[in-house]
Structures are given as C-alpha cells and as structure tokens.
Amino acid sequence: MREYFRNGPEHRGGADVSFADIVQLFGFYSVRIGRWVTAAEQQRAANLFFDALCDLQQLLQVPNQVLSLRGTLALHYGIGGRPGAAAHYLPNGRVLALAKNAGGGSLAHEWFHAFDHYVCAKMFQDDPPPLRFASRHWLHSEALNGHPLNQCLSLAFKRLFLSADGRQPSDFMQHCAAYDKRLGSQYFAMPEEMAARCFEAIMQRQPLKNHFLVSGTQQSDMAKAGLYPPIAVQNQVAECWFDYFQQLGLALSA
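Counting in my numbering, the sequence shown runs from 73 upward without gaps.
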C-alpha cells in the first residue's frame with residue numbers, strides 16, 4: 073500500500089488502531105473488509121481511515137457522530153467495486169466503499185455523497201425519493217424545511233449550480249455539461265457529482281492536508297480539464313458549508 077502525505081496532528085498517539093476502534097469512536101453501523109485484504113493491509117487501512125476521519129472531523133468542527141451520519145453509514149474496504157471506480161457510495165444500504173489499491177484520496181468525495189444523501193430527507197418539506205441526493209432535489213426547487221441550517225445548504229447549491237441572478241445554469245455547470253456532451257456521457261454535470269467534487273476540492277485547499285482523505289483536485293487530468301469549480305466558486309460555497317457544519321457542531325455539542 074502506498075504512502076499518503078498528511079500534516080495533521082497525531083490522533084493515535086503512534087499506536088495502531090482497528091476498524092472496531094473506528095466503529096466505537098464514530099458509530100458506523102457496519103464495517104466490512106474484503107476477503108483478499110491481508111492482515112497487514114487491514115491494519116494499515118485502519119490507521120489511514122482513522123487519521124482521515126479525525127482530520128475531516130477537525131476540518132468540519134463537528135462531533136464524532138456526524139462522520140457516521142448518526143450511525144446510518146457503513147464502511148466497506150476492498151469489497152466488490154465498480155469498473156473504473158476507486159471508490160463509490162451506495163445509497164441503497166448507505167455504504168461508503170473504497171477499493172483496496174486505488175481508493176486512497178477518494179474518502180472526502182464519497183463521504184460528501186453520503187452526507188448529500190442523508191440530508192435530503194431532512195432538508196425539504198416534501199418526501200423525496202429514498203435514493204435522491206439533496207443536491208439533485210434542490211434543482212427541482214422543492215420547498216425547504218424552515219431550519220436556518222437548510223438555508224446554508226441551499227445557498228451553497230445556488231452558488232454552485234446557478235448564475236449570479238439565479239436564472240441560468242452556472243458557468244461551471246455549463247462547462248461540465250459540455251464536457252459530458254463531448255464524451256457522450258452523463259456524469260460530470262450530475263448535481264451530486266458536481267457537489268462532491270466541489271467539497272473535496274475545498275477540503276484539499278485547507279492547511280490541514282491528508283492525501284488519503286483527498287487528493288487529485290489540483291494537478292490531475294480532471295483538474296486540468298476544469299472539472300473542479302473555479303477557486304472563486306469554491307470560496308463562495310465553502311463559506312456556506314463551513315458555516316453549516318460549524319453551526320451543526322455547536323448545536324450538537326450544546
């Protein structure tokens with residue numbers, strides 16, 4: 073398993089941890105490890121997951137249970153996988169899965185998918201389809217529940233998806249749609265994918281670095297193709313998302 077750069081604080085006191093420790097600390101409802109993952113690989117992965125989750129918790133300033141979305145999220149490592157995908161999130165079952173050899177750097181992206189899915193049922197007044205992401209549902213102009221935190225998320229989606237006057241798709245959305253059209257695909261302009269790429273790009277720009285949590289948003293082929301939002305858009309969205317998570321953290325810690 074490759075080495076991953078990080079400059080964050082020492083969360084484990086130099087000791088090894090297990091996936092059982094991760095479950096106990098964060099409250100994930102399940103962890104499954106692939107049958108071809110050796111004991112040494114599992115140990116290394118547990119340490120990497122632990123540090124990355126602790127770093128993400130520090131970046132967002134939230135209590136432990138937010139990382140497992142109040143115990144509704146499961147982790148899979150080295151199980152199954154999809155062709156060409158280093159990691160994926162499965163709404164049916166609420167599973168965040170990383171591949172054994174190529175999943176590093178994808179955790180922030182997939183965690184945001186899980187959050188985007190989890191918060192959909194709480195953000196809107198109607199009853200969204202069970203597998204719907206909040207980012208996608210927002211584009212249907214569904215009425216929000218009145219909580220101020222939902223206004224933070226709504227403003228973030230507006231800044232990411234729409235023009236300044238709110239009447240047209242944003243330049244970034246139009247760019248992603250044009251890129252999809254050239255490829256003959258429908259992927260990069262999907263609202264849930266745009267939102268997850270924006271989140272991971274914001275996380276990678278923070279002073280606390282962890283390349284198992286996130287990498288590839290600045291120098292990769294995707295970055296060079298303009299598939300991450302411009303810095304100005306990232307900054308506008310980050311203002312909303314950091315405000316959301318900090319307010320959520322304060323409310324849950326009160």
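Cβ coordinates follow ideal geometry from the N, Cα and C atoms, glycine included.
Sheet register partners of residue i (DSSP bridge)
i	result
Ser-102	Ala-146
Arg-78	Asn-282
Leu-216	Phe-196
Host alpha helix (DSSP H) of residue i (start-end)
i	result
His-160	No alpha helix (DSSP H) contains His-160, which is instead part of the beta strand (DSSP E) from 159-162.
Leu-221	220-233
Lys-296	293-296
Arg-254	243-255
Asp-88	No alpha helix (DSSP H) contains Asp-88, which DSSP labels as neither H nor E.
Leu-131	111-132
His-189	179-195
Phe-317	303-325
Gln-137	136-139
Phe-271	263-276
Ala-206	206-210
Reference residue i, options the options, closest by Cα
i	options	result
Ala-171	Gln-114, Ser-90 and Ala-304	Gln-114
Ser-229	Cys-192, Ala-159, Pro-200 and Gln-197	Reading the sequence as shown, one finds Phe at residue 229 and not Ser. Answer by Cα proximity: Cys-192.
Glu-75	Phe-314, Gly-298 and Ser-287	Ser-287
Gly-329	Ala-92, Phe-122, Gly-99 and Phe-100	In the structure as shown, the chain starts at 73 and stops at 326, and residue 329 therefore has no counterpart that could be examined.
Ala-273	His-181, Phe-317, Val-109 and Val-134	His-181
Arg-78	Asn-222, Gln-278, Ala-249 and Ile-151	Gln-278
Glu-265	Ala-206, Met-195 and Ala-323	Ala-206
His-247	Asn-307, Met-294, Ala-87 and Ala-174	Met-294
Leu-128	Leu-322, Leu-179, Ala-268 and Tyr-149	Leu-179
Arg-204	Trp-108, Pro-263, Arg-107 and Gln-130	Pro-263
Arg-166	Val-103, His-212, Gly-238 and Cys-126	Val-103
Asn-307	Gly-80, Leu-322, Cys-270 and Ser-292	Cys-270
Glu-82	Thr-289, Lys-281 and Ile-303	Lys-281
Arg-107	Ala-236, His-148, Gln-96 and Gly-80	His-148
Phe-314	Leu-131, Ile-94 and Ser-292	Leu-131
Gln-96	Leu-255, Asn-164, Asn-136 and Gly-298	Asn-136
Ile-94	Ala-111, Leu-145 and Val-109	Leu-145
Gly-80	Cys-126, Leu-162, Trp-183 and Val-109	Cys-126
Leu-255	Ala-297, Ala-158 and Lys-194	Ala-297
Ala-299	Tyr-259, His-185 and Tyr-190	Looking at the sequence itself, residue 299 is Leu, so the reference to Ala does not match. Cα-wise, what sits closest to Leu-299 is Tyr-259.
Close Cβ partners of residue i (< 6 Å) along its chain, the five nearest in sequence each way excluded
i	result
Leu-234	Ser-242
Phe-284	Tyr-76, Leu-120, Ala-124 and Gly-176
Lys-253	none
Cys-312	Cys-224, Leu-227 and Ala-228
Arg-208	Pro-263 and Glu-264
Ala-310	Ile-274
Gln-318	Gln-133
Ser-292	none
Contact set for residue i: own chain, Cβ-Cβ below 8 Å, skip 5 residues either direction
i	result
Gln-197	Glu-214, Ala-215, Leu-216 and Asn-217
Leu-320	Val-134, Val-138 and Leu-221
Leu-324	Val-134, Pro-135, Gln-137 and Val-138
Contacts around residue i, its chain only, beta-carbon distance under 7 Å, and the 5 residues preceding and following it disregarded
i	result
Ser-90	Ala-118
Residue i, enclosing beta strand (DSSP E) - first and last residue
i	result
Leu-170	167-170
Beta-carbon separation (whole angstroms), residue i vs residue j, contact threshold 8 Å
i	j	result
Phe-98	Ser-140	5 Å
Gly-244	Pro-301	Per the sequence shown, residue 244 should be read as Phe rather than Gly. The pair is a contact, with the Cβ atoms about 5 Å apart (cut-off 8 Å).
Tyr-101	Gly-150	With a Cβ gap of about 19 Å, Tyr-101 and Gly-150 do not count as contacting.
Leu-211	Ala-267	Rounded, the Cβ-Cβ distance is 11 Å, inconsistent with contact.
Ala-236	Ala-249	Not confirmed; about 18 Å, so no contact.
His-160	Ala-174	Going by Cβ atoms, the distance from His-160 to Ala-174 rounds to 12 Å, so no, they are not a contact pair.
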